[in-house]
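Under our numbering, the first residue of the sequence shown carries the number 280, and numbering increases by one thereafter.
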Amino acid sequence: MNDLTVKKNNAVEISKSNLPKSVSVIIPCYNEEETIENCVNAIPELPWKYEIIVVDDGSKDKTAEVARKIKRKNVRVISYKPNGGKGHAFRTGFEAAEGDVVVIQDADMNPEVDLIEVLKPLFEGKADFVNGTRFVYKMEEGAMKSLHIPGNMAFAFLVSFMSGARLSDSLCGYKAFKRKMLLGQLHEDSWPDFEMLIKAGRNKMAIVEVPIHYNKRKKGESKMRTFKHGWNMLTMLVKAVFEK
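Have a look at this one:
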């Protein structure tokens with residue numbers, strides 16, 4: 280499979296006359312004082328105008344304090360209490376973002392991810408929405424629990440059906456899209472991945488999947504709880520079916 284796997288959703292061609300020129304990288308985080316500095320510093324210098332927005336979602340540790348001390352240009356930190364959920368944190372950053380394109384990046388994502396490759400389809404006029412997929416390259420041992428693999432595949436199948444795009448991964452922590460096309464349309468406070476993809480499909484956005492290397496977390500603790508969050512995600516999918 281090529282490094283760029285195109286999954287077009289109705290839109291056959293993107294007009295080159297209105298290409299994006301800037302990007303906002305949004306990092307929702309909760310209790311990530313051990314990882315947030317490495318996460319921000321691993322973002323490469325981008326060939327487009329860019330900003331990095333760290334959204335501290337009511338952390339109980341020193342995440343916001345560490346983030347504010349990062350010595351790098353174009354970094355903004357938004358912090359609030361109480362904890363509102365990953366979707367709420369992303370939406371807070373989304374509403375503050377100024378870039379033509381927004382990227383959601385997990386605070387625990389490893390530096391092997393090539394953010395430029397993730398963004399290229401948008402800036403080259405090949406997509407309106409880029410979805411990262413972890414199921415092309417071989418994962419590092421221990422990166423994903425064995426029980427999560429079939430669960431992820433099942434969710435990808437269901438979201439593919441609802442979005443109209445053929446997806447291999449719906450829960451990857453990397454997604455990027457043209458900001459104005461989904462502005463004001465996202466409302467999920469918990470895990471926002473399904474809503475983003477389904478709304479992208481309903482808005483006839485051209486969706487492209489880009490494979491990433493997925494390694495196990497080196498520091499901090501995963502927030503994913505298999506049965507609790509699996510049930511929550513299934514509930515969110517059902518809700519998405521009936522949402523306009």
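Note that beta-carbon positions come from the ideal geometry of N, C-alpha and C, so glycine has one too.
Going by the CB atoms, is the gap between residue j and residue i shorter than 8 Å?
i    : j    : result
D340 : E312 : yes
A376 : I357 : no
K300 : D407 : no
V392 : I349 : no
M476 : S449 : Strictly speaking, residue 476 in this sequence is Leu, with Met absent from that position. For L476 and S449, yes; Cβs fall inside 8 Å.
E330 : R355 : yes
C451 : T412 : yes
G480 : M441 : yes
V478 : L462 : Rather than Val, the amino acid found at residue 478 in this sequence is Lys. It is not a contact, given that the beta carbons lie outside the stated cut-off.
Ignore the nearest five residues each way along the sequence and tell me which others in residue i's own chain have a CB closer than 7 Å to its CB.
i    : result
K286 : Low confidence applies to K286: its pLDDT is 47, below 50, so where it sits in the model is not reliable, and the reading given next is rough at best. Taken in chain order, the residues that qualify are A444, R445, L446, I486, V487 and E488.
P471 : K365, G366, F369 and L465
F414 : S447 and D448
E316 : V345 and I349
Pick out whichever of the options has its Cα sitting closest to the Cα of residue i.
i    : options                   : result
H367 : M432, M441, L298 and Y309 : Y309
P307 : Y453, M484, T514 and G463 : Y453
Y359 : S338, F369 and V345       : S338
K352 : N362, V304, F369 and T342 : V304
E420 : E316, N494 and N317       : N494
For residue i and residue j, I'd like the C-alpha separation in whole angstroms.
i    : j    : result
K405 : P490 : 16 Å
D282 : L394 : At D282, the pLDDT of 43 sits below 50, so the modelled position is not reliable and the matter cannot be decided from this model.
L465 : E403 : 25 Å
L298 : E396 : 16 Å
T371 : P400 : 25 Å
M418 : I428 : 11 Å
E474 : T342 : 27 Å
Q384 : F373 : 12 Å
Below 8 Å CB to CB, which residues in the same chain sit around residue i once its five sequence neighbours on both sides are set aside?
i    : result
L398 : V302, L325, W327, V380, V382, V409 and A455
P361 : G337
E344 : E312
Below 6 Å CB to CB, which residues in the same chain sit around residue i once its five sequence neighbours on both sides are set aside?
i    : result
G364 : D468 and S469
V333 : I306, A346 and V356
Checklist entry - Do the segment 432 to 449 and the segment 457 to 464 meet, that is, are 3 or more Cβ pairs less than 8 Å apart? => result no
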